[in-house]
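Colleague: Numbering (the numbering used here), first residue to last: 237 to 369.
Note that the Cβ used here is the ideal one computed from N, Cα and C, for glycine as well.
Because the structure is a prediction, the values reported are computed rather than measured.
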């Protein structure tokens, strides 16, 4: 489940401080908020099936921004509209610059494991946003 409120609760339960930017956040606002808050990780949730397209556009902007190039960025949820075939988008998103990509059908276990790796580096703040363009 990649619902923003659920993700926020999960991240807070794991000890993270969350800045929830809400749904359908424009790329430029995401970048501005990341510059302002300097999160340990940006978690992008997608529920509409455009995650693959929106994610590629967003990660290109983040990785080309000198201030944000080193921010951990993950995306999860409905990466496409092809059901189980959506899993193929994960590798492309990681190759484009995401630290991890999680398909909705796989559940949250992999994401929870990823959070464990963040905890090892003492998570300070996580920014959560949803795509919906």
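#1: On the DSSP letters alone, give me the boundaries of the alpha helix (DSSP H) that residue 248 sits inside.
#2: Report all residues from its chain with a CB closer than 7 angstroms to the CB of residue 211; omit the five preceding and five following residues, and keep chain order.
#3: May I have a chain-ordered list of the alpha helix (DSSP H) segments no shorter than 4 residues that lie completely inside the segment 249 to 300?
#4: Helix, strand or coil for residue 346 per DSSP?
#5: Below 8 angstroms CB to CB, which residues in the same chain sit around residue 267 once its five sequence neighbours on both sides are set aside?
#6: Buried or exposed: residue 248, going by 16 or more other Cβ atoms within 10 Å of its Cβ?
#7: Does the Cβ-Cβ distance between residue 337 and residue 319 come in under 9 angstroms?
#8: Beta-carbon separation of residue 346 and residue 322 under 9 angstroms?
#9: For residue 326, report the span of its beta strand (DSSP E) as first-last.
#10: Under the assumption that residue 250 contacts residue 351 (Cβ atoms under 8 angstroms), give the Cβ distance between them as a whole number of angstroms.
#11: For residue 369, is the classification buried or exposed, using 16 other Cβ atoms within 10 angstroms of its Cβ as the cut-off for buried?
#12: Does DSSP put residue 340 in a helix, in a strand, or in coil?
#13: Looking at the secondary structure, which residues open and close the beta strand (DSSP E) in which residue 308 lies?
Modeller: Result, derived from the coordinates:
#1: Locating residue 248 in the chain shown gives position 12, where the first residue counts as 1. Per DSSP, residue 248 belongs to the alpha helix (DSSP H) from 240 to 249.
#2: In the structure displayed, the chain extends from 237 to 369; residue 211 sits before or after that span and is not available.
#3: 263 to 273, 287 to 299
#4: As a working note, residue 346 is residue 110 in the chain shown. Residue 346 falls in the helix class under three-state DSSP.
#5: The residue you call residue 267 lines up with position 31 of the chain shown. So the qualifying residues of the chain are 297, 298, 301, 304.
#6: By one-based count along the chain shown, residue 248 stands at place 12. Classification of residue 248: exposed, given that the 10 Å Cβ count is below 16.
#7: Here residue 337 refers to the residue found at position 101 when the chain shown is read from its first residue. Here residue 319 refers to the residue found at position 83 when the chain shown is read from its first residue. Going by C-beta atoms, residue 337 is not nearer than 9 angstroms to residue 319.
#8: Numbered from 1 along the chain shown, position 110 holds the residue referred to as residue 346. Numbered from 1 along the chain shown, position 86 holds the residue referred to as residue 322. For residue 346 and residue 322, no; Cβs fall outside 9 angstroms.
#9: What you label residue 326 is simply residue 90 of the chain shown in a count that begins at 1. Residue 326 -> not in any beta strand (DSSP E); alpha helix (DSSP H) instead, spanning 324 to 332.
#10: On the chain shown, residue 250 is found 14 positions in, with the first residue counted as 1. On the chain shown, residue 351 is found 115 positions in, with the first residue counted as 1. That belief holds up - the Cβ atoms of residue 250 and residue 351 are roughly 5 angstroms apart, short of 8 angstroms.
#11: Translated into the one-based positions of the chain shown, residue 369 becomes position 133. Any reading at residue 369 must be qualified, since the residue scores a pLDDT of 36, below 50, and its modelled position is unreliable; the value itself is stated next. By the neighbour-count rule (16 or more Cβ atoms within 10 Å), residue 369 is not buried but exposed.
#12: Against the chain shown, residue 340 aligns to sequence position 104. Correct three-state label for residue 340: helix.
#13: Taking the chain shown and counting its residues from 1, the one referred to as residue 308 is at position 72. 308 to 313 is the span of the beta strand (DSSP E), which, as asked, contains residue 308.
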